[in-house]
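In the numbering used here, the protein residues as written are 4 to 321.
Glycine included, each C-beta is placed from N, C-alpha and C at the ideal position.
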């Protein structure tokens, strides 16, 4: 069963650069097993619902919004925003919270990318990994989600809406075209492009689409954060070398860590091939393929398995 937490016992903003402050919250047991939760996106955010995986009698849960995302400031800011700086922020937060080592680094989707990058950079600060919807920002993965020969063949009506918003001359490279619109000096240009970008993204979020407007309840700030930061990281290849996270020499740095991987079989945002390759590269990993799930952590089978895994980790000392 999902766990329920009281209000955070600590929250605030941490200055991580001249420009950026990241917002964080702490829940659960103050002297418990420390877990850092890495949200997806880029440009997503955390919420109290993210604590549901963790037993409050066991875990000390640290949530934070990445640079430019959620309640971090300034919103949707692209300057001084790279993968390496996000990794440095996790370290800054660890030190600020006086955590010697994270008992668990938990990340889904883009959060799995960041979790792997952090663990490979600081393996001595990580005791275990729980990863969902594996994404390593390789060109093949991006081509599948943004190009005409992957998800577009499964969701043609949504892809055509996404593509046809662009002028014909720009449709051969939609990522570059949207990046140009999303970084326009004109606010309305940015916002309208953000609406179209996010409708496409949200259409791929689960096995079953919710009824009604996919953007219902999404603020203009969120629309800009989510689209601008996604495009920023995608067009820059995550600021890492192609295939970096799955290279044998980099996987070897975390081969000693217990790692649980949860993957929706029908995840079209982050297809199962990448999870399979990661599992095969990590000798202490376990892959849980959820047969009736897409991408979202909230899908019943995925959510149930993540709670179960965290409950199992709660019983062991690493």
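Contact check between the segment 262-272 and the segment 288-305: three or more CB pairs, one atom from each, fall below 8 Å, which counts as touching. Taking all protein chains in view, the Cβ of residue 33 is surrounded by fewer than 16 other Cβ atoms within 10 Å, so the residue is classified as exposed. Sequence-distant partners of residue 201 (beyond 5 residues in either direction) whose C-beta falls short of 8 Å from its own C-beta, in its chain, are 217, 218, 221, 226, 229, 230. The three-state secondary structure of residue 183, taken from DSSP, is helix.
Per DSSP, the continuous beta strand (DSSP E) segment holding residue 289 begins and ends at 288-293. Restricted to the segment 211-293, the alpha helix (DSSP H) segments that are unbroken, complete and at least 4 residues in length are 223-238, 251-254, 275-284, listed in chain order. Of all C-beta pairs linking the segment 122-129 to the segment 141-148, fewer than three are shorter than 8 Å, placing the two stretches out of contact.
122 is the residue among 122, 306, 309, 317 whose C-alpha sits nearest the C-alpha of residue 249.
Rounded to the nearest angstrom, the Cβ distance from residue 212 to residue 271 is 12 Å, too far for a contact under 8 Å.
The alpha carbon of residue 40 has as its nearest neighbour, out of 98, 77, 132, the alpha carbon of 132. With respect to the C-alpha of residue 63, the residue from 54, 36, 89, 71 having the closest C-alpha is 36. Residue 107 sits buried, since 16 or more C-beta atoms from the chains shown fall within 10 Å of its C-beta.
Proximity to residue 18 across 307, 67, 252 peaks at 67, based on C-alpha coordinates.
For residue 145, the enclosing alpha helix (DSSP H) begins and ends at 142-149.
Excluding sequence positions up to five before and after residue 103, its CB lies less than 7 Å from no other CB in the same chain.
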